[in-house]
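In my numbering, the protein residues as written are 31 to 174.
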């Protein structure tokens, strides 16, 4: 039997590892995807004032800061038993949708885009920098 290990898995929002187990004939016997769910960010928040959480939690992730901000704000609301106005709920929902658009755009343009647009390129240059070298105008349009 042989194992194929892909570690780290790239082009994802987070960290992961894939292990593929092959049988004697080279067929896939088993495949596993492993990701780290507990990254320990809660440790640096211990002892911090609860009302400061919405300031710190967005810095946990560069791809989805809005989700972390909204979750910590909702946790503060729950802790202090605050009922936010309907307008505030709508603003939060809109903010969340904008965060989804931001996250998906970053994924498509920066993480997956080079694989889709440069499928035959060498793996070392099949990234946003390699894409910029091939088509700088396209990358500039995406950034704008």
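The beta carbon of each residue, even a glycine, is placed where N, CA and C say it ideally should be.
The structure presented is a predicted model; accordingly, all values stated were derived computationally and were not measured.
Asked, Found
"Judging by CA-CA distance, which residue of 79, 174, 94 and 158 is the nearest neighbour of residue 40?", "158"
"Exposed or buried, residue 103, counting other C-beta atoms within 10 Å across all chains shown (16 or more means buried)?", "buried"
"For residue 191, which residues in the same chain have their Cβ closer than 7 Å to its Cβ, ignoring the five residues on either side in sequence?", "No statement about residue 191 is possible, as the shown extent of the chain runs from 31 to 174 and does not include it."
"Would you call the segment 46-65 and the segment 90-97 touching, i.e. three or more CB-CB distances under 8 Å?", "no"
"Suppose you measure from the CA of residue 87 to the CA of residue 122; what does that come to, to the nearest Å?", "16 Å"
"With a 10 Å radius around its C-beta and 16 neighbouring C-beta atoms as the bar for buried, classify residue 116 as buried or exposed.", "exposed"
"Go ahead and pull the three-state DSSP assignment for residue 42.", "coil"
"Excluding five sequence neighbours on each side, which residues of the same chain lie with their C-beta closer than 7 Å to the C-beta of residue 37?", "47"
"Whole angstroms are fine: how far does the CA of residue 42 sit from the CA of residue 137?", "8 Å"
"Verify whether the separation of the beta carbon atoms of residue 66 and residue 45 is less than 8 Å.", "yes"
"Return the first residue and the last residue of the beta strand (DSSP E) that residue 65 is part of.", "58-65"
"DSSP state of residue 32, grouped into three classes?", "strand"
"Distance check for residue 101 and residue 89, CA to CA, integer angstroms please.", "13 Å"
"Assign residue 143 to one of two classes, buried (16 or more other C-beta atoms within 10 Å of its C-beta) or exposed (fewer than that).", "buried"
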